[in-house]
Amino acid sequence: MQQITLRSRVGEDGILHLDIPVGMKETDLEVTVMVKYINQNDRSKNQLLQELKELFKETQALHLDNPLTEADIQAEIDAYRRGE
């Protein structure tokens, strides 16, 4: 048994057309189709998640040469609270 996963788009006619080469000729096959709706918001959430992960990596790398100490962080917080 071979599992093939692909993404396709339903046309204006409301019919999903699939052309899937399987590398076989003159063979009977049993085919199971499972349709899963792709929410466009989910796709953009995944993209945002990837971008956020990259931002975290970049932020962590900023202080590799000059690590921040707890005292440095507290000084920044205090300065912010004083409006500096």
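Position one of the sequence shown corresponds to residue 100 (the numbering used here), numbered consecutively onward. Note that CB positions come from ideal geometry on N, CA and C, so glycine has one too. Quantities reported herein were computed from a predicted structural model and do not represent experimental measurements.
Quiz prompt | Per-residue DSSP class, three states only, for Asp177 | solution = helix
Practice problem: Pick helix, strand or coil for Thr168, following the three-state DSSP scheme. | Solution: coil
Self-check item: Completely contained alpha helix (DSSP H) runs for the region 101-154, where each covers 4 or more residues
Solution: none
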